[in-house]
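Read through the structure below, which is laid out as structure tokens, and then see the notes.
2 protein chains.
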Amino acid sequence: MTYSIKQVSQKTGLSIYTLRFYDKEGLLPFVVRNRSGYREFTDGDLLLIKTICCLKDTGMKISDIRTYIAAVMRGTPSIEERRTLLQKHREYIVRQQRLLAQNLAQIDDKLAIYSSPDSRRKVALDLTAAIQEKQSLNLANTFENAVLDA
Amino acid sequence: MTYSIKQVSQKTGLSIYTLRFYDKEGLLPFVVRNRSGYREFTDGDLLLIKTICCLKDTGMKISDIRTYIAAVMRGTPSIEERRTLLQKHREYIVRQQRLLAQNLAQIDDKLAIYSSPDSRRKVALDLTAAIQEKQSLNLANTFENAVLDA
DNA sequence: ACTTGCCCTCGAGCATACTCGAGGGTTTAG
DNA sequence: CTAAACCCTCGAGTATGCTCGAGGGCAAGT
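Residue numbers (this note's numbering), protein chains in the order written: chain Z, 2 to 151; chain F, 2 to 151.
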């Protein structure tokens, strides 16, 4: 059983345009064409596309995915290279996770303020401080239009 | 004490170009200009820029950041709106975290294969399966150039 | 006055990753 | 044999987020 580009689009969630774009970019060198020039995807191809999505969704650039896929196409001699590539990308993902967690914490702090019973007082206090800072520095008040009904 | 755009660039890690771009995009309506037209950043401004970076680094689009900042400029009446915006973005971040964790697990699976003592055998097995799949479907072998010395 | 090193705006250019339309061939059901 | 629903390529267009150069003003030291 093989799949048409439309079927693969439905299975992967990638648009037909994107699949063709990836092929153009050299991400799908493993896909076979039939005598009419149509792409015929196998289940094995789907696994490789899943890997591509995995790399893409974690922020790997297309040119780097191409490098990885090219390594896969070379067979066993490229195992070391693949390991190195993925190891480096793994570290990138972990960095992303750390940053995401930190930023989430910061957003949760803000949400705590906005959700608290006396949010109006807290927000007004913050804003007042900002306004007074500008004032004490003899700067124009850019918060002129802000309302402060605490 | 106020800061020049260069100083803010150094403090935030954003390039001067990016800071000016953000201003152009309406992300920095709180920044005051002196009589020469130079931007003068306060410590309070830096806090707001930190928030902007937090939203940007978690994938919020500039247009949405603009909406949030515009709400901040309106003062206490926009608290509800801000809470809703951040709540929605929070969920987006959590989704990102989930996906990142899933994809990381997938990459760790691959790394386990590439790092195992008999990685050559495992990779060769995988590749053989893919080649035989194409063969059994009467498709051309796109792995023609692959080496398989297990 | 002049040089150096900032600052400004405006608009063009670039990188990335799609997205799409035109023009044209293929497959299949009636 | 024809219409509908696919498939193809090529190249242009779009969205986002910067990045930069040209042209020019401002501020401080010599």
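The beta-carbon is built from N, C-alpha and C at its ideal position, and this holds for glycine as well.
| Query | Result |
| --- | --- |
| Say whether chain Z places a C-beta atom closer than 8 Å to the C-beta of Ser116(F). | yes |
| From the DSSP secondary-structure annotation, give me the bridge partner or partners of Val148(F). | Gly76(Z) |
| First and last residue of the alpha helix (DSSP H) that includes Asp24(Z)? | Ile17 to Lys25 |
| Skipping 5 residues on each side, what residues in its chain have a beta carbon closer than 8 Å to that of Arg34(Z)? | Arg40 and Glu41 |
| Against chain Z, does Gly45(F) count as a neighbour if the rule is that its beta carbon must be under 8 Å from one of theirs? | yes |
| Counting beta carbon pairs with one atom in the stretch 11-29 of chain F and one in the stretch 50-66 of chain F, are three or more of them shorter than 8 Å? | yes |
| For Phe144(Z) and Ala106(F), I'd like the C-alpha separation in whole angstroms. | 47 Å |
| Is the separation between the beta-carbon of Ile132(F) and that of Asn139(F) shorter than 8 Å? | no |
| Am I right that Ala147(Z) and Arg121(Z) are in contact with their C-beta atoms under 8 Å? What's the rounded C-beta distance? | With 8 Å as the limit, Ala147(Z) and Arg121(Z) do not qualify as a contact, their Cβ atoms being about 13 Å apart. |
| Using the three-state DSSP reduction, which class does Arg1(Z) fall into: helix, strand or coil? | The structure shown has nothing for residue 1(Z), since chain Z only spans 2 to 151. |
| Quick one: what does DSSP say Val32(F) is sitting in, helix, strand or coil? | coil |
| Taking Arg20(Z) as the reference, which of Ile63(Z), Arg84(Z), Arg99(Z) and Ala113(Z) has the closest Cα? | Looking at the sequence provided, one finds Leu at residue 20(Z) rather than Arg. It is Ile63(Z) whose Cα lies nearest to the Cα of Leu20(Z). |
| Lys7(F) to Thr68(F), Cα distance in whole Å? | 26 Å |
| For Thr85(Z), is the classification buried or exposed, using 16 other Cβ atoms within 10 angstroms of its Cβ as the cut-off for buried? | exposed |
| Going by beta carbon distance, what residues of the same chain come within less than 7 Å of Glu26(F), once the five residues before and after it are set aside? | Ile63 and Arg67 |
| For Glu134(F), decide whether its Cβ has a neighbour in chain Z, counting only Cβ atoms nearer than 8 Å. | yes |
| Going along chain Z, which residues have a C-beta under 7 Å from Ile80(F)? | Tyr115, Ser120, Arg121 and Val124 |
| Using a Cβ cut-off of 9 Å, pull out every chain Z residue sitting near Gln97(F), in sequence order please. | Gln97 and Leu101 |
| In chain Z, which residues lie with their C-beta within 8 Å of the C-beta of Gly14(F)? | By Cβ distance, chain Z contributes nothing, its closest Cβ being about 12 Å from Gly14(F), past 8 Å. |
| Residues of chain Z with a CB under 7 Å from the CB of Val33(F): which are they? | Lys135, Leu140, Ala141 and Thr143 |
| With distances taken between CB atoms, is the gap from Tyr23(F) to Gly60(F) smaller than 8 Å? | no |
| So Ala131(Z) contacts chain F; which residues on that side make the cut at Cβ distance below 7 Å? | Gly45 |
| Hey, would you say Thr43(F) sits closer than 8 Å to Glu134(Z), going by beta carbons? | yes |
| Taking C-alpha atoms, which residue in Ala102(F), Leu149(F), Ser79(F) and Leu28(F) lies nearest to Tyr115(Z)? | Ser79(F) |
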